[in-house]
Amino acid sequence: MKLVRAVPYGDITENDLVSGSASAEKFSEHPVGKAIVREAVLRNLAVPDPESCEVVPGLGVKARAGGREILVGRPEFFEKCGCHLSANDLEKIAGNSRDGSSAIPVMIDRSLAGLLVFEDTIRENAEETIRKLQQSGIRSVIVTGDNRSATERIAKAAGITDFHAEVFPDEKVTVVKSFQKQGHHVLFVGDGVNDGPALATADVGVAMGITGTDVAIETAGVALLSDDLSRLPHLIHVSQKALRTIRQNLIFAVGVLLIAVVLTVAGILTPVTGALLHELSSIPVIANSARLIALR
């Protein structure tokens with residue numbers, strides 16, 4: 169996520185728009201907030217700590233900084249906070265949300281101060297990763313809160329045909345559950361605080377290690393230690409291999425135990441010999457499991 173353009177309205181300057189928004193988002197773990205703060209730092213702008221801050225997952229952030237009330241988020245968020253956006257304001261937002269961009273409005277002291285326009289860049293190796301997953305029979309779907317235009321652009325670049333755009337955190341859970349009801353096993357990959365509920369609901373939740381928020385990493389069952397999506401097919405391969413190894417070990421261990429019991433009851437083995445045979449059967453189990461170490 170990258171802030172590519174700041175569009176101020178009225179008397180506010182572009183730098184003031186970025187600086188004020190960065191103060192409101194200073195402690196945010198959302199990719200949008202991080203992108204705003206990153207841009208403010210690149211511009212060498214002062215980013216004072218907010219005096220107060222309230223984050224509404226999936227909608228936006230409301231803060232007081234420098235004696236001003238600053239709202240950054242979706243139009244629905246402003247309505248929720250009692251701030252009305254006119255038809256002209258909504259037209260400005262729509263006009264800057266074309267060609268795969270996402271325009272997020274900023275209100276300062278209850279008037280539209282400007283728009284922040286973002287572009288979501290596709291992760292390195294994403295297209296190759298999706299292709300490998302498809303070859304393995306795994307269907308890929310994008311589920312995001314970004315607008316439809318931006319999501320469609322990313323989906324096309326990654327080679328994904330199915331996507332759900334402009335969804336809230338609870339709606340992501342609904343999407344996951346709908347796939348589960350269809351009999352699918354769902355692996356959900358996320359890195360933001362808005363992904364927490366979906367990560368917890370999915371059969372397997374995977375958090376992107378470096379950029380992932382604390383909420384995502386703590387909620388997910390697996391945390392990738394890098395942002396490299398190409399590790400995802402490897403993760404699935406290792407998981408499948410581990411499950412096969414567990415099944416092999418269980419079948420072998422139970423089989424040896426049953427044979428030892430039968431031979432002991434038949435008087436062919438003494439109880440001590442049977443117990444020793446059972447203990448020795450652990451060696452092949454350990455050796456079989458050790459083969460997984462090579463899967464790095």
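For the sequence shown, our numbering gives the first residue as 169, with consecutive numbering after it.
Ideal placement from N, C-alpha and C gives every residue a C-beta, glycine not left out.
If you measure between the beta carbons of I272 and V224, is that distance less than 8 Å?
It is not a contact, given that the beta carbons lie outside the stated cut-off.
Leaving aside the five residues before and after A208 along the sequence, list all residues of the same chain whose C-beta is less than 7 Å from its C-beta, in chain order.
The answer, listed in chain order, is V186, S187, A190 and V215.
Pairs of beta-carbons, one from the stretch 317 to 329 and one from the stretch 350 to 359, closer than 8 Å: are there three or more?
Touching, no, given that fewer than three Cβ pairs across the two stretches are closer than 8 Å.
What first and last residue would you give for the beta strand (DSSP E) that runs through H332?
H332 -> beta strand (DSSP E) spans D330 to H332.
Give the range of the alpha helix (DSSP H) segment to which P452 is assigned.
Residues S450 to A458.
Please name the residue, chosen from Q302, A333 and T329, that lies closest to S317 on a Cα-to-Cα basis.
When only C-alpha atoms are compared, the closest one is A333.
For F420, name the three-state secondary structure that DSSP assigns.
In this structure, F420 counts as helix in the three-state DSSP scheme.
Is S394 helix, strand or coil when you go by DSSP?
The answer is coil: DSSP assigns S394 none of H, G, I, E or B.
Which stretch, first to last residue, makes up the alpha helix (DSSP H) that contains K349?
Where K349 is concerned, the enclosing alpha helix (DSSP H) stretches over P337 to K349.
Using the Cβ count rule (16 or more neighbours within 10 Å means buried), how would you classify T297?
By the 10 Å Cβ count, T297 comes out buried.
Look up V354 in the DSSP assignment and say whether it is helix, strand or coil.
Three-state DSSP puts V354 in coil, outside helix and strand.
Given that a residue counts as buried once 16 or more other Cβ atoms are within 10 Å of its Cβ, and exposed if not, what is L463?
Per the 10 Å Cβ criterion, exposed.
So what's A118 in DSSP terms, helix, strand or just coil?
With the chain represented from 169 up to 464, any question about residue 118 goes unanswered, as that position is not in the structure.
With respect to the alpha helix (DSSP H) encompassing R206, which residues constitute its N-terminal and C-terminal limits?
Counting along the chain, the alpha helix (DSSP H) containing R206 begins and ends at P199 to L210.
Please state the DSSP three-state secondary structure of K230.
DSSP places K230 in strand when its eight states are reduced to three.
Give me the Cα-Cα distance between I238 and R266, rounded to the nearest whole angstrom.
Rounded to whole angstroms, I238 to R266 spans 25 Å at the Cα level.
So, with DSSP's three-state summary, where would you put S187?
Note: S187 maps to helix in three-state DSSP.
Return the chain-ordered list of same chain residues with a C-beta closer than 8 Å to the C-beta of R459, the five sequence neighbours on each side being excluded.
Here the set comprises T413.
For the putative contact between A233 and A192, defined by C-beta atoms under 8 Å, what is the C-beta separation to the nearest angstrom?
Yes, they are in contact, since the Cβ atoms of A233 and A192 sit about 6 Å apart, within 8 Å.
Given that a residue counts as buried once 16 or more other Cβ atoms are within 10 Å of its Cβ, and exposed if not, what is G282?
Counting Cβ neighbours within 10 Å, G282 comes out buried, since at least 16 surround it.
Which residue comes first and which comes last in the beta strand (DSSP E) that contains A281?
Per DSSP, A281 belongs to the beta strand (DSSP E) from S279 to E287.
With distances taken between CB atoms, is the gap from L403 to V390 smaller than 8 Å?
Yes, the pair counts as a contact, with Cβ atoms nearer than the cut-off.
Grouping DSSP H, G and I as helix and E and B as strand, with all else coil, what is V215?
In this structure, V215 counts as coil in the three-state DSSP scheme.
Output the boundary residues of the alpha helix (DSSP H) element that contains A294.
A294 -> alpha helix (DSSP H) spans A294 to Q303.
Report yes if the CB atom of R206 is closer than 8 Å to the CB atom of N183, and no otherwise.
Contact flag unset, no.
Could you please give the first and the last residue of the uninterrupted beta strand (DSSP E) stretch that includes L171?
Looking at the DSSP string, the run of the beta strand (DSSP E) that includes L171 is K170 to P176.
Tell me which residue opens and which closes the alpha helix (DSSP H) that I261 is part of.
Here the alpha helix (DSSP H) through I261 covers A255 to G263.
Are G364 and G226 closer than 8 Å when you measure CB to CB?
The answer is no: Cβ separation not under 8 Å.
Buried or exposed, going by whether 16 or more other CB atoms sit within 10 Å of the CB of G305?
Flag for G305 reads exposed.
Tell me which same chain residues have a C-beta within less than 6 Å of the C-beta of F465, skipping the five on either side of it?
With the chain covering only 169 through 464, there is no way to say anything about residue 465.
In three-state DSSP terms, what is L437?
Coil, per DSSP.
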